[in-house]
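Numbering (full-length UniProt numbering), first residue to last: 1 to 246.
Ideal Cβ placement from N, Cα and C applies to all residues, glycine included.
Read the structure below first, then the notes.
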Ligand SMILES: [Zn+2]
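In structure tokens, the structure reads:
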């Protein structure tokens, strides 16, 4: 059976003499494993479209255990990401998060569109990197079913509190009367909470130029990192730690 679908190459590794083994996030089939036969040969017609991050039109043939790429037409290769090691590392982070949550046969159009928009934003110059990455994380959590509750206490439902803490374990904010329930609940300032709500409710393209101060970014980054660690299994953050250091 042949299937035509768009997809992002999440991973590509050499397989045998001249083939590539790919993990592709497709619009129609969710995440799949596919083999691109001969893709490592210099004259292969597949060579351009099977690079990591590449957004391509694929024609796929379903075999017993894996798909075979019959044709592949690149739509956007995100060449600019390959010229900048910091951007490349952030792109690797986005792709790893997506890989960690999407399963075979599970489509996720909103996440698919978010990944495309974010990779595209990363290729531009003079970007607000903190804004783009934090906005991606907030929207990614929305679309993967891990949206944290930021508007009311996850324990008692109260909407007002003199101060809030964020509980990864409980999945959102705890009010001043409830935050003893989670000894690991983290301090979240009012302004960080406001920023998180804002990012959670806005499209990444719309807010791409927003400037976030370093201290605010650090606070939100730490909270999201802990939250993702608790909820997204097996994610180890190597790529973003590298990106942050560059
Ligand atoms: Zn409460």
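Give me the Cα-Cα distance between residue i and residue j, rounded to the nearest whole angstrom.
i           : j           : result
residue 47  : residue 112 : 23 Å
residue 69  : residue 181 : 51 Å
residue 146 : residue 230 : 11 Å
residue 164 : residue 80  : 41 Å
residue 158 : residue 198 : 20 Å
residue 184 : residue 4   : 47 Å
residue 73  : residue 51  : 12 Å
residue 139 : residue 56  : 23 Å
residue 53  : residue 24  : 9 Å
residue 101 : residue 78  : 23 Å
residue 167 : residue 174 : 7 Å
residue 204 : residue 155 : 30 Å
residue 186 : residue 244 : 21 Å
residue 241 : residue 93  : 9 Å
residue 76  : residue 99  : 19 Å
residue 149 : residue 90  : 26 Å
Any idea if residue i is buried or exposed, counting beta-carbon neighbours within 10 angstroms, 16 or more meaning buried?
i           : result
residue 1   : exposed
residue 134 : buried
residue 219 : buried
residue 103 : exposed
residue 49  : buried
residue 126 : exposed
Do residue j and residue i have their beta-carbon atoms positioned less than 8 Å apart in this structure?
i           : j           : result
residue 39  : residue 67  : no
residue 114 : residue 143 : yes
Is the Cβ of residue i closer than 8 Å to any Cβ of chain C?
i           : result
residue 111 : Any reference to chain C falls outside this structure, which holds one protein chain only.
Validate contact between the stretch 82–93 and the stretch 56–73 using beta carbons, cut 8 Å, 3 pairs: no
Quick test of the definition: if touching needs 3 or more C-beta pairs under 8 Å, does the stretch 98–109 touch the stretch 194–212? no
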